[in-house]
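Peer 1: Structure provided below as structure tokens; questions to follow.
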Amino acid sequence: MITQQQAFLIAKSIVPDIELRGMRISDQLSDNKKLNKLPTNCWYISYSQVPIQYLSCSNGSSIFLCVNKDNGAVVYHKDV
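Under our numbering, the residue at position 11 of the sequence shown is numbered 697, and the numbers go up by one with no gaps.
Structure, rendered in structure tokens:
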């Protein structure tokens, strides 16, 4: 099982300046329809100022990375 810290390190290896940009990480999603297409059982990483579990339709696209909680694989990555 991949911890939140391990998921953060995986994200940092892809986006080295991730801490400077400000980011959110969570394993909970809101009920936003835009987020239904994202993989499940992941750590979700976003640049939104809104906590991920409260994202709305207007900022749901701010999730740019999903790290699988079982094996640490990056299962979704959107350039930002």
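Even for Gly, the Cβ is constructed at its ideal location relative to N, Cα and C.
Model, not experiment: these values are computed from the prediction.
Taking Cβ to Cβ, would you say serine 742 is nearer than 8 Å to asparagine 718?
Peer 2: Yes, they are a contact pair.
Peer 1: Expressed to the nearest angstrom, what Euclidean distance is found between the alpha-carbon atoms of valine 760 and isoleucine 738?
Peer 2: Cα-Cα distance, rounded: 18 Å.
Peer 1: For isoleucine 700, count neighbouring C-beta atoms within 10 Å of its own C-beta (all shown protein chains included) and say buried if the count is 16 or more, exposed if not.
Peer 2: That one is exposed.
Peer 1: Name the DSSP beta bridge partners of tyrosine 730, please?
Peer 2: In the DSSP output, where bridge partners are listed per residue, tyrosine 730 has Ser712 and Cys752.
Peer 1: Quick one: residues in its chain with C-beta nearer than 6 Å to the C-beta of aspartate 756, no 5 flanking neighbours on either side, listed in chain order?
Peer 2: Result list for aspartate 756: empty, nothing under 6 Å.
Peer 1: What does the Cβ neighbour count give for tyrosine 730, buried or exposed, with the cut at 16 atoms within 10 Å?
Peer 2: Burial call: buried.
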